[in-house]
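A.B. asks:
Number of protein chains: 2
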Amino acid sequence: MGDPAWEQTAGGVTAPRGFRAGAARCGLKQQGDDVGLLVCDGDGSAAATFTTNRVCAAPVRWTRDVIDTGGVRAAVVNSGNANACTGERGLRDAEATARAAADALGLEPEQVAVASTGIIGHFMPMEKLTPGIAAAAEALDSSLDAGLRFARCIMTTDTVVKEVALRCDVGGGTVTLGGATKGAGMIAPGMATTLTFLTTDAAIEGPLLLELLRRAVDVTYNRISIDEHMSTNDTCLCLASGEADAPPIEAGSEAAARFAGALTELCGILARKIVADGEGATKLVRIDVVGAPDEATAVAVGRAIADSPLCKCALHSGDPNWGRFVSAAGYACPTLDEAKARFTIGGKLAYAAGMAADTPPAELAAAMAGRDIVLRYDLGLGDADATVWTCDLSKEYVEINADYHT
Amino acid sequence: MGDPAWEQTAGGVTAPRGFRAGAARCGLKQQGDDVGLLVCDGDGSAAATFTTNRVCAAPVRWTRDVIDTGGVRAAVVNSGNANACTGERGLRDAEATARAAADALGLEPEQVAVASTGIIGHFMPMEKLTPGIAAAAEALDSSLDAGLRFARCIMTTDTVVKEVALRCDVGGGTVTLGGATKGAGMIAPGMATTLTFLTTDAAIEGPLLLELLRRAVDVTYNRISIDEHMSTNDTCLCLASGEADAPPIEAGSEAAARFAGALTELCGILARKIVADGEGATKLVRIDVVGAPDEATAVAVGRAIADSPLCKCALHSGDPNWGRFVSAAGYACPTLDEAKARFTIGGKLAYAAGMAADTPPAELAAAMAGRDIVLRYDLGLGDADATVWTCDLSKEYVEINADYHT
């Protein structure tokens, strides 16, 4: 693809043309806004990916159904309550949530995606949420600040707000892409992510948008892990308004390739923001697996390292205990050949020919001292590669999750 | 099988007839005995299972080769150094270790199994180990106390010594089985275990012993997880002396079934001792998965709960946060039906019909307050079941593994 066709720009979901966002507080969380609306005013398209967890929340079921109609133009979201493991009543509540948003926006309920995040197993307090939706509708605005407030209202244990926008030259014009995401725990996306809202003013048909979204999510969100626990509520929704001064994006075109690159970068930036904000995390760790026999094996090796508490503790203390990293690969790659494998930390060779390399341990330790750590495992078996992102495991993670009581 | 045919008795690896054990200190660990010998004086058989990690230690390679000759009569073991990721030199050191033990015992090197545990990636200091083996040989003794010293010399981060012995009525006579095991971290056996030494005075052919050992390990050691990280050195060795006053055990016989039951119980007790001694662990957790479509799915659901840091933190604080347990099953069982699943904590129903059951939260909390916790997930899909054992995740685990520097 040559040089990237995109550059970062200010804002988030309201950076592209044709979008409004609004947020309000209705009392589901202990403090701050906890309900939001995102509206696409253009006559565009929508696509989404969802958790593959069989225990999936009521709003995921609702949105999975309505997204297939092709008519979704808005999303309503709340934090503080996941509406998961809530049975038939949960489904009725999700539908009522869509209906309340549709009423406020002059849409049909089937045009509204619903997303929720928060505690599992409690019924949604509709008496709080319904007036909250009306208040969020009154706050709707196309400003960048409105996008920021929207990004903030979906936060739970997040410590920083997560939004980004990119401008992409698709040839013949420029389109803008924006996104907001949340998440810091229960993060190991299986086919989607925790809640993510992407917007673009590109003119693009729904099926093509879904194809590009799936691939972008697969190589970004599906390759991060904070704690290997897949959420019940993962949803990644992308709305396109078609309001940009650019020709429609056709499948197989150069414009589609450029747009796909920007969409993947957008998802990648947001996914890395989640890992960097991992519960109790002090390190952001990039694991490059190269020389793999196939992409699935590369991902499996990266995940084995990302998910091993032993590796995560070594990352936490900045200890170049390469035996832990190397042995994690040993149970993830069934054709691993120790004689061919090479493992580097921050570019310094730690392990080769089945044993310790002669890099001084102090140099390896220095490569793990900072906040950003790059591990690279060359399996020496083929041409496939994958990058997986993770964070360290700290006492604070245990504290946060042992103290977060039901 | 009716009533169990076994009962617990005193001692460990020297409880059966025809075994001697010895231990000594050679300076591989900071303190305590760190080298041991186990000798089978009878003319019996041997079987073993090993790690499936492709990054496997030199002693595993040596023992995997010699066990196939059928002539293994002794084992030499050290703690403090794993002799893993040590290349060709590691293999030569493992062979030299077997040779030193064989010389001291009047055996051939191929009759000696080698096992090591400790730090990965450092060459074995043979100048320490070789005289240590000679010292352990001088200490060889068939007393129960000698067995205890052997069990102690294989400890690394273990806080308690782990041994057990069972007497089993095989019909026409009684056989005794003994065992010693170690491990507290890097515990997620894949086909075997961390170091385990089993002995029996039964007369039993090697192939039958291996068949029974494999099944016993599969339903015990292969169903525990402390931190989901498979070791490079897992070895489970079983030596049979044939010295018991009992007829030989024939394949397919009632005696074989009784012996298999006792062998499985022996492995189960030892495996649970490992979990109870998990690094930083304060809880011993039994996860019964029933109503599964097949055994593999039952194991996968149990492991998903056992390996989720979120679930382990809830176990640590005794919080009946059943949403975490239930959602872990959701990504491990692809055919899960929320309407059919039932989840209980200590016999109290927490979740059914896709939502919270009406058991008061205080009752669920009480069921998680003690050291022993029993979780039961009825998938309602079939007749298969499995039990997986795990422990909680505490700040002490992070402390132990962040501070354990290379």
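Taken in order, these protein sequences are the chains called U and A.
Just add 1302 to wherever you are in the first sequence, counting from 1, and you've got my numbering.
Just add 1302 to wherever you are in the second sequence, counting from 1, and you've got my numbering.
Just so it is clear, CB atoms sit at the ideal spot from N, CA and C, and this is done for glycine as well.
1) Scan the segment 1590 to 1624 of chain U for residues whose Cβ lies nearer than 8 Å to a Cβ of chain A and list them as they occur along the chain.
2) Determine whether the beta carbon atoms of Gly1313(A) and Ala1438(A) lie at a separation below 7 Å.
3) Give the DSSP-derived three-state secondary structure of Gly1593(A) in the structure shown.
4) Does DSSP classify Gly1389(A) as helix, strand or coil?
5) If distances are taken between C-alpha atoms only, which option among Ile1456(U), Arg1391(U), Val1315(U) and Ser1445(U) comes closest to Ser1381(U)?
6) So, is Asp1685(U) buried or exposed, given that buried needs 16 or more other C-beta atoms within 10 angstroms?
7) Can you name the residues of chain A whose CB is closer than 8 Å to the CB of Gly1632(U)?
8) Give the DSSP-derived three-state secondary structure of Ser1418(U) in the structure shown.
9) Would you kindly report the start and end of the unbroken beta strand (DSSP E) that includes Cys1615(U)?
10) Quick one: which chain A residues come within Cβ less than 8 Å of Cys1635(U)?
11) Does DSSP put Tyr1633(U) in a helix, in a strand, or in coil?
12) Counting only Cβ-Cβ distances shorter than 9 Å, please list the residues of the segment 1375 to 1397 of chain U near chain A, keeping chain order.
13) Taking 7 Å as the CB-CB limit, is Glu1440(A) close to chain U?
14) Taking only beta-carbon atoms, is Met1303(U) less than 7 Å away from chain A?
15) Under the assumption that Ala1704(U) contacts His1424(A) (Cβ atoms under 8 Å), give the Cβ distance between them as a whole number of angstroms.
16) To the nearest whole angstrom, what separates the beta carbons of Ala1323(A) and Leu1340(A), a pair I think is in contact under 8 Å?
17) For Val1307(A), which residues from the same chain have a beta carbon less than 8 Å from its beta carbon, with the 5 sequence-adjacent residues on both sides left out?
18) So does the segment 1696 to 1703 of chain A actually touch the segment 1652 to 1663 of chain A, counting three or more Cβ pairs closer than 8 Å?
19) Can you say whether Ala1553(A) is buried or exposed, counting buried as having 16 or more other CB atoms within 10 angstroms of its CB?
20) How many Å lie between Val1379(A) and Thr1646(U) at the Cα?
21) May I ask you to list, following chain order, the residues of the segment 1464 to 1495 of chain U that have a beta carbon less than 9 Å from some beta carbon of chain A?
22) Please go through the same chain and pick out, in chain order, the residues whose beta-carbon is closer than 8 Å to the beta-carbon of Leu1330(U), but skip the five residues on each side of it.
23) In the DSSP output, which residue or residues are listed as bridge partners for Trp1624(U)?
24) Please determine, among Asp1680(U), Ala1349(U) and Glu1309(U), the residue with the shortest C-alpha to C-alpha distance to Ser1541(U).
25) Please determine if the segment 1518 to 1535 of chain U and the segment 1367 to 1377 of chain U are in contact, where contact requires at least 3 C-beta pairs separated by less than 8 Å.
26) Beta carbons nearer than 7 Å to chain D: which residues of the segment 1650 to 1678 of chain A have them?
27) Any beta carbon of chain U sitting closer than 7 Å to that of Asp1547(A)?
28) With contact counted as at least three CB pairs below 8 Å, one residue from each stretch, are the segment 1620 to 1637 of chain A and the segment 1510 to 1521 of chain U in contact?
29) Does DSSP put Glu1665(U) in a helix, a strand or coil?
30) Cβ atoms of Ile1571(U) and Ala1504(U): under 7 Å apart, would you say?
31) Using CA atoms only, rank isn't needed, just tell me which of Gly1344(U), Ala1583(U) and Glu1309(U) is closest to Leu1320(U).
32) Got a sec: which bits of the segment 1413 to 1432 of chain A sit with their beta carbon under 8 Å from any beta carbon on chain U, in order along the chain?
33) Using a threshold of 7 Å, state whether the C-beta atoms of Ala1643(U) and Ala1606(U) are closer than that.
34) Let me know the secondary structure DSSP gives Asn1535(U) once reduced to three states.
35) What runs of the beta strand (DSSP E), each 3 residues or longer, lie entirely inside the segment 1401 to 1477 of chain A?
36) Leaving aside the five residues before and after Ala1667(A) along the sequence, list all residues of the same chain whose C-beta is less than 6 Å from its C-beta, in chain order.
C.D. replies: Based on what the coordinates show:
1) Asp1609, Ser1610, Pro1611, Leu1612, Cys1613, Cys1615, Ala1616, His1618, Ser1619, Asp1621, Pro1622, Asn1623 and Trp1624
2) no
3) strand
4) helix
5) Ile1456(U)
6) exposed
7) Asn1355, Arg1356, Val1357, Cys1358, Met1532 and Thr1534
8) strand
9) No beta strand (DSSP E) contains Cys1615(U), which is instead part of the alpha helix (DSSP H) from Pro1611 to Ser1619.
10) Arg1356
11) coil
12) Ala1384, Ala1386, Cys1387, Thr1388, Gly1389, Glu1390, Arg1391 and Gly1392
13) no
14) Here Met1303(U) scores only 41 on pLDDT, less than 50, and its place in the model should not be relied on; the value that follows carries that caveat. Taking Cβ atoms only, chain A never reaches closer than 7 Å to Met1303(U), which makes this a no.
15) Between His1424(A) and Ala1704(U) the Cβ distance is about 35 Å, and since that is not below 8 Å, they are no contact.
16) 5 Å
17) This sequence places Ala at residue 1307(A); Val is not what is there. Once the five neighbours on either side are set aside, the close Cβ partners of Ala1307(A) are Cys1470, Asp1471, Val1472, Arg1560, Gly1563 and Ala1564.
18) no
19) exposed
20) 32 Å
21) Gly1487, Met1488, Ala1490 and Gly1492
22) Asp1336, Val1337, Asn1380, Ser1381, Gly1382, Asn1383, Gly1420, Pro1427, Lys1430, Leu1431 and Gly1434
23) Looking at the DSSP assignment, Trp1624(U) forms no beta bridge with any residue, so it has no partner.
24) What sits at residue 1541(U) in the sequence shown is Leu, not Ser. Out of Asp1680(U), Ala1349(U) and Glu1309(U), Ala1349(U) has the C-alpha closest to the C-alpha of Leu1541(U).
25) no
26) The structure shown contains no chain D; its protein chains are U and A.
27) no
28) no
29) helix
30) no
31) Looking at the sequence shown, residue 1320(U) is not Leu but Gly. Per the Cα distances, Gly1344(U).
32) Ile1421, Ile1422, Gly1423 and His1424
33) no
34) coil
35) 1414 to 1421 and 1464 to 1471
36) Pro1622
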